[in-house]
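Working notes, structure below.
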Amino acid sequence: MIIPETPEHLDAVRQLTIEAFAASPFGHNGEADLIDAIREQCAHTLSLVAIEEDRIVGHILFSPAEIHTLDANGVGPTVSGPDVLGPNMLGMGLAPMSVHPSHQRRGIGAMLVKEGLRRLDELGNRFTIVAGHPEYYPRFGFRPAQEFSVSHGFQGMPQDVFFLRPGPSQDDEFSGGRAHYHSVFGPQHEGS
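Residue numbers (this note's numbering): 51 to 242.
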């Protein structure tokens, strides 16, 4: 069963996230702290949990993101932040997602992604971005962000693990830009 996260779930989600990322080659060991920071600093998030036998076995979090559009010279706006409007497109970023190690490879992550995207589509979300496995996210309608001439700004992370999924009827809206997660995710597009 996939339901919205409630305050009663917070401790269990934190423990789940720590356990899920402890042995993972993906992400880093600060995911639980990242979730706490997102909760504290982002007013508009979508956080869902997967429950089996009264136990939280999965969690997914979507938080505000932007695509700063570029002009013909490849220059974007000089001001950023979750409240900046104008040439920036507002959407959501998927991160992090975790499934308890004992429940992985059973479709729980896929159910979380599908339900989250369904809810975002109903809300009119313009796009969702994610950094992840190239063989996993395309099944949910994500395409390489490079197809839209959109890049991420995380140093050391290859562009080919960065994906974008346009919201309903948004396919033609993308003409290039720089994607920005909320500032709690760390430095992005430094020096560019």
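Positions of the beta carbon are idealized from the N, C-alpha and C atoms, including for glycine.
Straight-line Cα distance separating residue j from residue i
| i | j | result |
| --- | --- | --- |
| Ala145 | His232 | 11 Å |
| Ile117 | Pro237 | 15 Å |
| Tyr187 | Gly157 | 13 Å |
| Leu111 | Gly159 | 12 Å |
| Asn79 | Gln65 | 12 Å |
| Pro75 | Pro184 | 15 Å |
| Arg169 | Met161 | 12 Å |
| Met207 | Ala93 | 27 Å |
| Asn11 | Arg155 | One cannot answer for residue 11 here, as it falls past the ends of the chain, which runs 51 to 242. |
| Phe192 | Leu167 | 11 Å |
| Leu135 | Glu102 | With a pLDDT of 39 at Leu135, under the threshold of 50, the modelled position of that residue is not reliable, and no figure is offered here. |
| Gln91 | Glu240 | 21 Å |
| Pro218 | Leu173 | 10 Å |
| Ala229 | Glu58 | 33 Å |
| Asp83 | Ser225 | 34 Å |
| Arg105 | Ser201 | 38 Å |
| Thr128 | Ala115 | At Thr128 the pLDDT is 45, less than 50, meaning the model places this residue with poor confidence; the figure from the coordinates comes in the next sentence. Using only the alpha carbons, I get a separation of about 16 Å. |
Check whether residue i and residue j have beta carbons under 8 Å apart
| i | j | result |
| --- | --- | --- |
| Ile52 | Ala100 | yes |
| Ala70 | Ser152 | no |
| Ala87 | Val234 | yes |
| Phe190 | Lys164 | yes |
Expected contact under 8 Å - CB spacing of residue i and residue j to nearest Å
| i | j | result |
| --- | --- | --- |
| Ser113 | Met142 | 7 Å |
| Thr56 | Gly227 | That belief does not hold up - the Cβ atoms of Thr56 and Gly227 are roughly 35 Å apart, past 8 Å. |
| Gly108 | His150 | 7 Å |
| Gln205 | Gln196 | About 17 Å separates the two Cβ atoms, so there is no contact after all. |
Check: residue i C-beta below 7 Å from any heavy atom of the ligand SAM
| i | result |
| --- | --- |
| Pro237 | With respect to the ligand SAM, the structure shown offers nothing to examine, as it has no ligands at all. |
Endpoints, alpha helix (DSSP H) assigned at residue i
| i | result |
| --- | --- |
| Phe71 | Leu60 to Ala72 |
| Val163 | Ile158 to Glu172 |
| Ala115 | Segment Arg105 to Thr119 is the beta strand (DSSP E) holding Ala115; no alpha helix (DSSP H) there. |
| Glu90 | Glu81 to Gln91 |
For residue i, the first and last residue of its enclosing beta strand (DSSP E)
| i | result |
| --- | --- |
| Val180 | Phe177 to Ala181 |
| Ala145 | Asn138 to Val149 |
| Arg215 | Phe212 to Pro216 |
| Ala195 | No beta strand (DSSP E) contains Ala195, which DSSP labels as neither H nor E. |
| Pro54 | Ile52 to Pro54 |
| Tyr231 | Gly227 to Tyr231 |
| Glu102 | Leu96 to Glu102 |
Inset, instruction - Take every Cβ of the segment 172-181, pair it with every Cβ of the segment 210-219, and state whether three or more of those distances are shorter than 8 Å. - result: yes
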